[in-house]
Structure formats: structure tokens, C-alpha cells
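Participant: This is the structure, below, for whatever I ask next.
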Amino acid sequence: MKLFNPRLIVFICALLLGVGFSVPSLLETKGPKITLGLDLRGGLNMLLGVQTDEALKNKYLSLASALEYNAKKQNILLKDIKSNLEGISFELLDEDEAKKLDALLLELQGHSQFEIKKEAEFYSVKLTPLEQEELRKNTILQVIGIIRNRLDQFGLAEPVVIQQGKEEISVQLPGIKTLEEERRAKDLISRSAHLQMMAVDEEHNKDAMKMTDLEAQKLGSVLLSDVEMGGKILLKAIPILDGEMLTDAKVVYDQNNQPVVSFTLDAQGAKIFGDFSGANVGKRMAIVLDNKVYSAPVIRERIGGGSGQISGNFSVAQASDLAIALRSGAMSAPIQVLEKRIIGPSLGKDSIKTSIIALIGGFILVMGFMVLYYSMAGVIACMALVVNLFLIVAVMAIFGATLTLPGMAGIVLTVGIAVDANIIINERIREVLREGEGIAKAIHLGYINASRAIFDSNITSLIASVLLYAYGTGAIKGFALTTGIGILASIITAIIGTQGIYQALLPKLAQTKSLYFWFGVNKRA
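Under the UniProt record's numbering, the first residue of the sequence shown is numbered 1, with each subsequent residue one higher.
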């Protein structure tokens, strides 16, 4: 008996690899494991709504801030700069500066397209309808990216974050079970983390407690809650700078050993911060986060270095989550939790149990048919099927893939694909045997003839799986992943592995007197 040949070695290696890397997932021991998806493991499912109107407002607010800052630098006198959902408006006090203003607006425009209207000295600026639609689309994509980034830093395994509808996002977090975990995840996801530096309206702030939002708006200011002192504080509506210029955020401890969040600005932000603080010594500047004032200290001197701190009686966990949110970037639009529900582990256990029963039941029926119809050739095919399953589990475990209910359906489908390959091989071998050829030639020709059909069908299916995985989402990806891995595994086990076994057994097969025992063929033609 020829025990060693390249195909048999590949088959044995596949068996060892499959069993070795499947054990941690199957027996829950240490090692790389498959991550169970939300439908199998349980967890938190949320539907979020993105308020893209606010993204448009923030865009105009940033533009107004940049316009005010740069106009002062170029000695262009502007009055009543206002920003809202319709765009920004202002008055040019010196018409001789019109050309300089036009050049500045062109510079601020960047890659965006503006509609600029002039009526004497009054200007209004807004994005074109096409640019507004593009901004809304990009806002959704940006929010999805930020949520994924935050969840990755939070340490959650395999979160699923996908767009659903025009302005909605579906978030699935496997493994979230306790109310505390749910609260932290929800707060981390829904927090805008919009950091701003804003000047206190010193002239009118004394009347802030009895002022309405509309009265504040008429003054070109805004009323915000003061977390540190309580009550309201009146701030100039146009911010000095915002979180787009933030480069880092981390948890540090103040002189009282309380956790605070330290942040660092980029070069442009540091310059604006330094210039403003230098020109406003003795006045107050507020640090605003998500429309809440966390501190509003008096500027004692020019602040260089472009760094600051946010304090607010945080716990270590709260400070850590805030730092993660700031590092991940500010949401360009606030999000609202439209729906949330905890999928209990009982649903996961029932799903797993039902799927495993279906898989085992189908596997037993298939193996029974193969053995009854193809005799020992059927036994060899069943060995290939077992190795096939081990390989699927092993590859998914190695890459830390997530197994979902559709993924388990893909595994069941893969069993059918692998069986089909083995049936084609056995039928081709039997056809040659019925023609009166010897066993060695029958095996050789059988694999040659079968391989063409198997490769054609499997490569086509593999391409479909790759496309589904590339362009699909959620459950479709899980199905495509397990199906694709299963197709590759079936090629290795059916075409390479079983042929290696036959080659090792060839000396014994050549001496057999019973073709029925080996291939289920009664006699040669």
C-alpha cells in the first residue's frame, strides 16, 4: 500500500488543520474561535435616525466662523453674520472691499459649490441643491464610519453597522446583555461629541436666566446649559473653532485626582485658539460639548500649544467613553435612537439548536445514502464531507469570522455542494468500470472527467459568493462567507483528498474481486 503521496499529504494536513482549529470553537477551550452573530448569541439591536438637517446647519455655522475669522485678518468689515438652515447672510460695511470678499468666499468655497446672491451690500451664501444632497449622503457615510470606529475602540467584537433606508442606520451589537452595557453602548453611539470653543456674550449674559432662545437669537447669540454652574449661559452664536481641528483626546487626572479629558488641536486650531485668547484677555471663553457648557473660564493670558481640558465630575468610564468619542471624530449630524431591543440568549440557543439538528440530520441522511449507494466509495466520500465541515469551522475561527443563522444555512448548502462533487466523481469512476477498464485507469479517468464539471460549477458558485460578500450586507455576507469557504474546502477534499486516499489504496484495489464492495458496481460490462 502506498501510504505517502502529495494528495494524501494535503488531505491529512487539511484534516489536522480543521480539527486543530475547530476544537476551541466546538469545545469552548482557549484558542481562536468563531464569533456568534446577533441572531445566535443575542445582543442589542438599534435603529438610528440621522438628522442631516443639522449637518447642513453645522456646515453653514463652520463657514460663518471661518468667514468671520478670515475677514478680520484681511480687514474686511462685516456686520450681522447669521447662519441657519437656509445658509449664511451678512452685510459688507465697505463696498470697496467687495473684490477682496469675493476672493475670500472663493477661497472658503474649496471643493464645494456655492450660490452667492448680492443685493447692494447684503450677501447670502448657500450650497447648491446638488451639494446639499451630496452633503447629506456623505453625512450618513461619515456617521457609519464614526460609529464603527467608536465600537472598535470600545472593544466590541464584530459589530454590524449598515445603512437602512435614506437616513437610517441599523446597529447590531452581539454579546450586549446587561442594562449597564446597553446604556454605555447607546451613549457612546448616540453622542455627537461636537466640541466647540465659543465666546461668552459678556454684554448680555447678565440677563441670560430670564432670556428666551428667540431673544438670544436676535442678539446673534445662543443660550446653552451650564453643566458646571447650573442655569443658562449666553454665548456668541458663531463659534471660535470646532472639533474638526481636534487631533487627540485622552483621559488624565487633575490636581484633585479626578478624571478629566485632555484634548489637542491641530496647527490651524492652535493658531486660532492662541490668537483669540491673546486678543481677549480678561474675557470668558466657553468649552462646549454637544451644546452643553462644561466650563467657561476667564482668559488670563494668551493660550499657546493648542490644548485644553474638559472636566465635569466624570467617572473613569465616562471620561474614557468621551475620549473615545472625541478621538473618533464628531458626528456632523446628531442621531436619534428610533428603536432598540435586546435579543435574548434564549432566541440564540433555539436558533443554534434548530440549525444544528438540521445540519446533523441532513448530514446523516446524506452519508447514509452515499454508503448504501456507493459502498466503500461512499465511506471515503463521507470522510471528505467531515473534513470539509472541520475546514469551514477552522478557517472561520482563524480569521475570527462571525457565524450567523444565514451562515449556518450556507454550511448546510455547502454539504450539498460537496456531496454533489463526490457523486460526480463516483459516477465517472463507475462509468469507466462498466466499460471494462481496470480500477487504476477508472480512478484516473474518473477524476479527470469529473474535475472539469466540478471546477466549472464550483468556480461559478465561488464568484457569486465573492460578489455577494463584496456588495451584500449583514445576513447576506454571512451566507456568502460560509458558502465561499465551503466551496474551496469541497474542492480540496473531494478532488484532491479522496483521490489521494484512492492512490494510497490502489495496490489493494487492484487485487479486489468485488467491485460492488468498493464502488457499488455489480459487474463489469
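Backbone N, C-alpha and C define an ideal beta-carbon position, used for all residues, glycine too.
Taking all protein chains shown into account, decide if residue 338 is buried (16 or more other Cβ within 10 angstroms of its Cβ) or exposed.
Facilitator: Indexing the sequence shown from 1 puts residue 338 at position 338. The residue is exposed, with fewer than 16 neighbouring Cβ atoms inside 10 Å.
Participant: Go ahead and label residue 269 buried or exposed: buried means 16 or more other beta carbons lie within 10 angstroms of its beta carbon, across all protein chains shown.
Facilitator: Within the sequence shown, the letter at position 269 stands for residue 269. The residue in question, residue 269, is buried, as its Cβ has 16 or more Cβ neighbours within 10 Å.
Participant: Give the range of the beta strand (DSSP E) segment to which residue 226 is assigned.
Facilitator: Locating residue 226 in the sequence shown gives position 226, counting from the first residue. Here the beta strand (DSSP E) through residue 226 covers 221-226.
Participant: Per DSSP, residue 43 forms a beta bridge with which residues?
Facilitator: Within the sequence shown, the letter at position 43 stands for residue 43. Answer by DSSP bridge pairing, in chain order: 174 and 343.
Participant: Measure how close the beta-carbons of residue 398 and residue 10 come, nearest whole angstrom, since I'm counting them as under 8 Å.
Facilitator: Counted from its first residue, the sequence shown places residue 398 at position 398. Counted from its first residue, the sequence shown places residue 10 at position 10. Incorrect: roughly 18 Å between the Cβ atoms, too far for contact.
Participant: Touching or not, the stretch 26-43 and the stretch 395-414, by the rule of three or more beta carbon pairs under 8 Å?
Facilitator: Yes, they touch.
Participant: For the alpha helix (DSSP H) holding residue 535, just list the boundary residues, first then last.
Facilitator: With the chain represented from 1 up to 525, any question about residue 535 goes unanswered, as that position is not in the structure.
Participant: Shortest alpha-carbon distance to residue 333 belongs to which of 361, 144, 389 and 222?
Facilitator: Within the sequence shown, residue 333 is the residue found at index 333, counting from 1. The residue with the shortest Cα to Cα distance from residue 333 is 144.
Participant: Could you give the DSSP three-state label for residue 554: helix, strand or coil?
Facilitator: Given a span of 1 to 525 for the chain in the structure shown, any question on residue 554 remains unanswerable.
Participant: Taking just the CA atoms, how far does residue 373 sit from residue 15?
Facilitator: Looking up residue 15 in the sequence shown gives position 15. Looking up residue 373 in the sequence shown gives position 373. Distance between the alpha carbons of residue 15 and residue 373 is about 25 Å.
Participant: Leaving aside the five residues before and after residue 17 along the sequence, list all residues of the same chain whose C-beta is less than 6 Å from its C-beta, in chain order.
Facilitator: In the sequence shown, the residue the question calls residue 17 occupies position 17. If we look at residue 17 and ignore the five residues flanking it on each side, its Cβ neighbours are 394.
Participant: Is residue 150 helix, strand or coil by DSSP?
Facilitator: Translated into the one-based positions of the sequence shown, residue 150 becomes position 150. Residue state, collapsed to three classes: helix.
Participant: For residue 122, report the span of its alpha helix (DSSP H) as first-last.
Facilitator: As a working mapping, residue 122 is identified with position 122 in the sequence shown. First-last for residue 122: 122-127, but that is the beta strand (DSSP E), not the alpha helix (DSSP H).
Participant: Just the Cα atoms here: how many angstroms apart are residue 152 and residue 322?
Facilitator: Translated into the one-based positions of the sequence shown, residue 152 becomes position 152. Translated into the one-based positions of the sequence shown, residue 322 becomes position 322. Cα-Cα distance, rounded: 14 Å.
Participant: Rounded C-beta distance between residue 307 and residue 265? I'm assuming under 8 Å.
Facilitator: For the purposes of this step, residue 307 is taken as residue 307 along the sequence shown, with counting starting at 1. For the purposes of this step, residue 265 is taken as residue 265 along the sequence shown, with counting starting at 1. Correct: roughly 7 Å between the Cβ atoms.
Participant: With DSSP collapsed to three states, give me the class of residue 358.
Facilitator: Counting from one through the sequence shown, the residue named residue 358 turns up at place 358. The answer is helix: DSSP assigns residue 358 an H, G or I state.
Participant: Do you know offhand how far residue 23's Cα is from residue 421's?
Facilitator: Along the sequence shown, read from residue 1 onward, the residue named residue 23 stands at position 23. Along the sequence shown, read from residue 1 onward, the residue named residue 421 stands at position 421. Approximately 27 Å, taken between the alpha carbons.
Participant: Just to check my reading of the structure: residue 487 and residue 465 have Cβ atoms closer than 8 Å, yes? What is that Cβ distance to the nearest angstrom?
Facilitator: Mapped onto the sequence shown, residue 487 falls at position 487. Mapped onto the sequence shown, residue 465 falls at position 465. Sure, about 7 Å apart at Cβ, within 8 Å.
Participant: Classify residue 341 as buried or exposed, calling it buried when 16 or more other Cβ atoms lie within 10 Å of its own Cβ.
Facilitator: As a working note, residue 341 is residue 341 in the sequence shown. Residue 341 is exposed by the Cβ-count criterion.
Participant: Give the list of continuous beta strand (DSSP E) stretches no shorter than 3 residues that lie fully inside the stretch 398-462.
Facilitator: Fully enclosed beta strand (DSSP E) runs of 3 or longer: not present.
Participant: Residues in its own chain within less than 7 Å of residue 163 by CB, not counting five upstream and five downstream?
Facilitator: Looking up residue 163 in the sequence shown gives position 163. Hits under 7 Å: 140, 144 and 169.
Participant: What number of angstroms, rounded off, separates the C-alpha of residue 258 from the C-alpha of residue 20?
Facilitator: The residue labelled residue 258 in the question sits at position 258 within the sequence shown. The residue labelled residue 20 in the question sits at position 20 within the sequence shown. Answer to the nearest angstrom: the Cα atoms are 48 Å apart.
Participant: Would the stretch 180-193 count as touching the stretch 216-226 if we require 3 or more Cβ pairs under 8 Å?
Facilitator: Contact between the stretch 180-193 and the stretch 216-226 is absent, because fewer than three Cβ pairs lie under 8 Å.
Participant: Determine the closest residue to residue 246 out of 380, 285, 236 and 305, with distance taken between C-alpha atoms.
Facilitator: To locate residue 246, count along the sequence shown from 1; it is residue 246. Closest option to residue 246, Cα to Cα, is 305.
Participant: Sorted by chain position, which residues of the same chain lie with C-beta nearer than 6 Å to residue 31's C-beta, five sequence neighbours on each side aside?
Facilitator: In the sequence shown, counting from the first residue as 1, residue 31 sits at position 31. Only 24 meet the Cβ criterion.
Participant: Considering only the alpha carbon of each residue, which of 205, 291, 324 and 314 lies closest to residue 283?
Facilitator: Along the sequence shown, one-based indexing puts residue 283 at 283. Per the Cα distances, 205.
Participant: Find out if the Cβ-Cβ distance for the pair residue 55, residue 238 is shorter than 7 Å.
Facilitator: Within the sequence shown, the letter at position 55 stands for residue 55. Within the sequence shown, the letter at position 238 stands for residue 238. Cβ atoms of residue 55 and residue 238: not closer than 7 Å.
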